[in-house]
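Below is one structure, written out as structure tokens, with a few remarks after it.
Numbering (our numbering), first residue to last: -4 to 295.
Right, dumping it as structure tokens:
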């Protein structure tokens, strides 16, 4: 039997995939299924719930805090993702050139991504402190401002503060991945375009961007997913405050389910995130990866 199994490539492949499939079922499929089930119940901590259908979702639709969390999540994801892409692409193009110590700079750029998220969040919490902020101290000493900035005390200041923290942490992932994509582009394309009289911008527009688009699609998909489901940065720096101004869907779900004890309501908030995540994936694969993007021309 073992001999026949070793000679059957399909059966052998399924056998090798079995451990991974079991891990996915235990740690992904079961929690997701349990979350969907809880979202349709009124389960509380310490008390089994009953089936209530769509009551949780109807309540959440009328909850102003949930609507604010949805706005915060979309705003946070949109601004942070765009900034990470722009800065990451700029760094990737810069590091792809023949500059001195580029290996050292590549290693340094990775540091924000390597540092544990909780430690990064604590560092930013100190940087944004209303009394001991190094940013406010430097601006006061220079003479730009007269008093310390309350970064985390007002809603919009807090929103942009956590976005800056997320961008600082996420740019290295985008930059290094796009750099890997840039290094797969053959230099002969640039040599041919230079002979034809193309400028640096034209080379970027008609050579680099079309060939890099498949990598951009994958990178931005992961970036949007990671940003949309961000939890640690927000929870450590602001806990969703002030006045729920930085609550994301993930942090609000945790607050309602764990701190508040309403497991069914928290699960419903978490499941409500799924359509937005699926939309991000669909935009990537059916939008950014269209053939006309990859080839720099029309669909064929």
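Beta carbons are placed, not taken as given, at the ideal position from N, Cα and C, and that holds for glycine.
Short of 8 angstroms from the beta carbon of residue 39, and not among the five residues preceding or following it, lie these beta carbons of its own chain, in chain order: 256, 257, 258, 259. Residue 235 has its alpha-carbon roughly 11 angstroms from the corresponding atom of residue 63.
Counted as a single uninterrupted DSSP element, the alpha helix (DSSP H) harbouring residue 258 occupies residues 258 to 267.
Looking only at 136, 191, 124, 150, the smallest Cα-Cα distance to residue 144 is reached by 124. The shortest C-alpha to C-alpha distance from residue 275 to any of 217, 188, 241, 225 is the one to 217. With 16 or more other Cβ atoms from the protein chains shown falling within 10 Å of its own Cβ, residue 261 counts as buried. Of the candidates 166, 162, 84, 263, the residue whose Cα lies closest to the Cα of residue 204 is 84. For residue 45, no alpha helix (DSSP H) encloses it, and the DSSP letter there is neither H nor E. The residues 35, 36, 37, in chain order, have a CB closer than 7 angstroms to that of residue 47 in the same chain once the five nearest residues on each side in sequence are set aside.
Contact between residue 264 and residue 247 is confirmed by a C-beta separation of about 6 angstroms, below the 8 angstroms threshold. Runs of the alpha helix (DSSP H) lying entirely within the segment 41 to 111, each at least 4 residues long, are 50 to 56, 59 to 90, 97 to 109 in chain order. Scanning its chain for C-beta atoms nearer than 8 angstroms, with the 5 sequence neighbours on each side dropped, one finds around residue 148 the residues 125, 237, in chain order. The Cβ atoms of residue 219 and residue 76 sit closer than 7 angstroms to each other. Apart from the 5 residues on each side of it in sequence, residue 206 sits with its Cβ closer than 7 angstroms to the Cβ of 180 in its chain, given in chain order. Sixteen is the threshold: when 16 or more other Cβ atoms of the shown chains lie within 10 Å of the Cβ of residue 119, as they do, the residue is buried. Counting other Cβ atoms within 10 Å of its Cβ, residue 165 reaches 16 or more and is therefore classed as buried. Counting only residues of its own chain and dropping the five nearest sequence neighbours on each side, residue 30 has a CB closer than 7 angstroms to the CB of 262, 265, 266. Sorting 191, 61, 122 by C-alpha distance to the C-alpha of residue 241 places 61 at the top. Remark: three or more beta-carbon pairs, one from each stretch, lie closer than 8 angstroms, so the segment 162 to 178 and the segment 86 to 96 are flagged as touching.
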